[in-house]
Structures are given as C-alpha cells and as structure tokens.
Amino acid sequence: MTQGKPPPPPPPISGSVPPAVPKGTKDRMALAKAAMRLRDEQLRARIVYVDPTLETNAELDAITAKVVEELKKLQRAGMKAKMPSDAQGVEIELIRAIRELLEKMVSARREHFLRHKIETIQRKIANLYFTSEIYTDAKEVFDVEFTYPDEALLAVVQRYSGRMLEDLMEFKYRDVSVQKMAMERLSRYEKQLAGDVLAHSRPELERLLVVYRDVLLVFLMKDFRDGLGDFCWEVVQQSQIARGHELSYKILEGQFASFRQTFETKFMDRLLIGLSAPLQRRLREEPDYDFKEDTLRFAADPRIYAEICAVMCNTIYGYLHGEGFLDLPVTWQRQIYGE
1 MTQGKPPPPP
11 PPISGSVPPA
21 VPKGTKDRMA
31 LAKAAMRLRD
41 EQLRARIVYV
51 DPTLETNAEL
61 DAITAKVVEE
71 LKKLQRAGMK
81 AKMPSDAQGV
91 EIELIRAIRE
101 LLEKMVSARR
111 EHFLRHKIET
121 IQRKIANLYF
131 TSEIYTDAKE
141 VFDVEFTYPD
151 EALLAVVQRY
161 SGRMLEDLME
171 FKYRDVSVQK
181 MAMERLSRYE
191 KQLAGDVLAH
201 SRPELERLLV
211 VYRDVLLVFL
221 MKDFRDGLGD
231 FCWEVVQQSQ
241 IARGHELSYK
251 ILEGQFASFR
261 QTFETKFMDR
271 LLIGLSAPLQ
281 RRLREEPDYD
291 FKEDTLRFAA
301 DPRIYAEICA
311 VMCNTIYGYL
321 HGEGFLDLPV
331 TWQRQIYGE
C-alpha cells in the first residue's frame, strides 16, 4: 500500500484459524498481554504531556496553588468526621464506593448509554477490519488466495506503489501539473480498488459487528456487573491506592497511574474470559453467520481487545471523574472528553 499505511495485524496466537478468545489460560494470557501492550502504545501516541520547560506566570501559579490548597483543607475538614481512622477502613470504603458507582453505570437504566459506547467500539472494529481487508503484506502476497480480481490488482498496486511514485517523481514533464495529475490518478485508482474490495466484505463486517454488539452488551450488563464485588476488591488491593491515603471518598490524581494500570489489567482479564464462550458460539457454531476463515482469524486480533479496553476504561474514568470520585490528570481529561 502507499506511504503512511498502518502495519498489518499481528500473527494469531496459535493455529491457522484460532478462536477469537482462546480457552486455554496460557493462550488467553498471551492475548491479554498483546492487547495491553497495544493499549500502552495507544497512550504513548495520544497523550501529550505538558512541557516542563514552558514559562509560566509565577504570580498566577502561586494564587492557583493557594486556592487549591484551601479547597483541599475544606474537603479534609468536611469529610473528617465521615472518614475511617485506619487504612483497612479506607480500603473498604474505596471498594464500596467504586462498586456502587460502577453498578449504576452498567445498570439497566444506562443501557442506552452503554449501547452508544458500543457503537464507538463497532466503528473502531470496522476501521481495523477495513485495514486488514485492503492491506496485504508484501512478504505474504503470494500465499494469499484472492477471491476477486480487484483484490489481486490492489495487492499489486500496494506492492509497487512506492516504486511507481518514485518513477513519477523522476520522469520529465512538459508541465509540472502533468506530474501532479499522474500522481493523483494513481492515488484515485488505488482508492477505487480499495472501495471495490471493501464492498465485497461489507456484509461480512455487518454480521461481525452485530456479534460484538450483542456479546459486549451482555458482558457489561451481566458478567462484569455480577463480578463487581471481587473486581473492585482486586483493583483497590493490588493498586495499593489505600496505602498512606487518608481519603476514603475519592482517588487522588497522584494515585491514578497505579489505579489505571491495575484497573485495565483486571478489566482485560474479565473481558477475555467473559467473551470467550459467546464469541466462540456466535462466530463458529451458529449457521446463520457462517463467517469466512479470514474473518475468524481477524477476530483473534489483539487490537480489537485493546480498542474495547480503551473505549470502556476511558468511559469509566470519565464517569468516575464526573461523579467526583476520581481526580484525573489534565492530559487525561483532554483525551477522554475529546473522544
């Protein structure tokens, strides 16, 4: 394909056509690890941190710091009578608070909200699917069995587009506009071929998106919700956000990094376990769908689960922040509320 294209999807975990989510613990852990690595890459690419070398207004900074400190004193004074006096009590209160908030978020009353978020996930899966359909790795192009002529032509254009552009740049022209038009025609031709290829696969994609919509909604409103007690306990315990923390009613900004890392790891574990059986049944066993092998192979792509984790966890962070329970760093607020 032409310059600036995304890389091909990672190889499947095992076998020629692996299940979307492996049943075996070892393979499932490998998929979770790959998805979390992709999630971390997303964050490094998207979050731009404030440049510490930028000059600031010292007087304004001092006023801001004073106001923030006064607000913190008022918060501590107002909540002192309600706060437990020991670390274990703080931990218990944090677990209770997170569980109550998440139970509200994934309740039946929020089904429309959850469906809206799943639509965002569907769009991201569609983008990944289209990329996998129109991108053929040059090293594997001769191993692919093409079904339609436009697929083969697109693969050829992708394979040699770089060389063709170089030649067009080096040719001599009576007018520079001729070169520009030639390059534009090559680009239009490639886009037309890509559109024709995607038209063949659109029905397959639509069926696939229905499957993910259904299984994700059940996972969030039943499996994830039913296990919130253990989930919240593990997150608070393993992130150690209650250690040296005197507030039992919120997570402070300085604790967010540890909280996020643990939260997403635990969420990914439950996501893969929860989706394993229903995806297996819908993708492979229900005759109404009858997916192609390429689609089944795509469903094992860890990028899918990295995107699901990103959308749902960012949604949860935004919700907890809006409820006053989570102090989000400014860079995260910009990312979450900008999506």
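Residues 1 to 339, numbered by the numbering used here, are exactly what the sequence shown covers, in order.
Yeah, the Cβ is synthetic: ideal placement off N, Cα and C, and Gly gets one too.
1. What residue range is occupied by the uninterrupted alpha helix (DSSP H) comprising D223?
2. Just to confirm, is the Cβ distance from A97 to Y319 under 8 Å?
3. Drop a sphere of 10 angstroms on the beta-carbon of S177, count the other beta-carbons inside from all chains shown, and report buried for 16 or more, exposed for fewer.
4. What residues in its chain sit with their C-beta under 7 Å from that of E225, if we drop five residues either side in the sequence?
5. Need the endpoints of the alpha helix (DSSP H) that L19 sits in, please.
6. Beta-carbon within less than 7 Å of T136's beta-carbon, same chain only, minus the 5 sequence neighbours each way: which residues are those?
7. Is the segment 121-137 touching the segment 209-226, taking contact as three or more C-beta pairs under 8 Å?
8. At the level of alpha carbons, what is the spacing between Q238 and A87?
9. State the Cα-Cα distance for the pair I308 and I121, rounded to the nearest angstrom.
10. Kindly identify the DSSP beta-bridge partner or partners of I251.
11. For the alpha helix (DSSP H) that contains D167, what are its first and last residues?
12. Going by Cα to Cα distance, which pick from S161, R202, F142 and L114 is closest to F291?
13. Look up R174 in the DSSP assignment and say whether it is helix, strand or coil.
14. Please report the residue range of the alpha helix (DSSP H) in which S132 lies.
15. Evaluate the contact criterion for the segment 255-262 versus the segment 320-337: three or more CB pairs, one atom per stretch, below 8 Å.
16. Select from T262, Y305, M164 and A277 the residue whose C-alpha is nearest the C-alpha of Y189.
17. Any idea if M1 is buried or exposed, counting beta-carbon neighbours within 10 angstroms, 16 or more meaning buried?
18. Can you name, in chain order, every residue of its own chain whose Cβ lies under 6 Å from the Cβ of I134, other than the five neighbours on each side?
19. Quick one, are the C-beta atoms of G29 and E264 less than 8 Å apart?
20. Tell me where the alpha helix (DSSP H) around Q240 begins and ends.
21. Going straight from the alpha carbon of T147 to that of E293, what length do you get?
22. Does A108 come out as helix, strand or coil in the three-state DSSP assignment?
23. By DSSP, does P203 sit in helix, in strand, or in coil?
24. Going by beta-carbon coordinates alone, are M181 and L168 separated by less than 8 Å?
25. With a threshold of 7 Å, establish whether the CB of G324 neighbours any heavy atom of the ligand PLP.
26. Are the CB atoms of T295 and L216 within a distance shorter than 8 Å?
27. Excluding the 5 residues flanking Q179 on each side, which residues of the same chain have their C-beta closer than 8 Å to its C-beta?
28. Where do the ends of the alpha helix (DSSP H) carrying A257 lie?
In this structure, then:
1. Neither: D223 is in no alpha helix (DSSP H) and is coded neither H nor E.
2. no
3. exposed
4. Position check: residue 225 holds Arg in this sequence, whereas Glu was assumed. Closer than 7 Å at Cβ, skipping near neighbours: E103 and V106.
5. Position check: residue 19 holds Pro in this sequence, whereas Leu was assumed. No alpha helix (DSSP H) contains P19, which DSSP labels as neither H nor E.
6. V144, A155 and Q158
7. yes
8. 14 Å
9. 6 Å
10. L326
11. P149 to E170
12. R202
13. coil
14. E111 to I134
15. yes
16. M164
17. Because M1 carries a pLDDT of 38, less than 50, the predicted location of this residue cannot be relied on, and the following value inherits that uncertainty. Result: buried.
18. A194 and V197
19. The sequence shown places Met at residue 29, not Gly. Cβ atoms of M29 and E264: not closer than 8 Å.
20. Where Q240 is concerned, there is no enclosing alpha helix (DSSP H), given that its DSSP letter is neither H nor E.
21. 13 Å
22. helix
23. helix
24. no
25. Inclusion of the ligand PLP in the displayed structure is not the case, the ligand content being empty and no account of it being possible.
26. no
27. L168, M169, F171 and Y173
28. F256 to Q280
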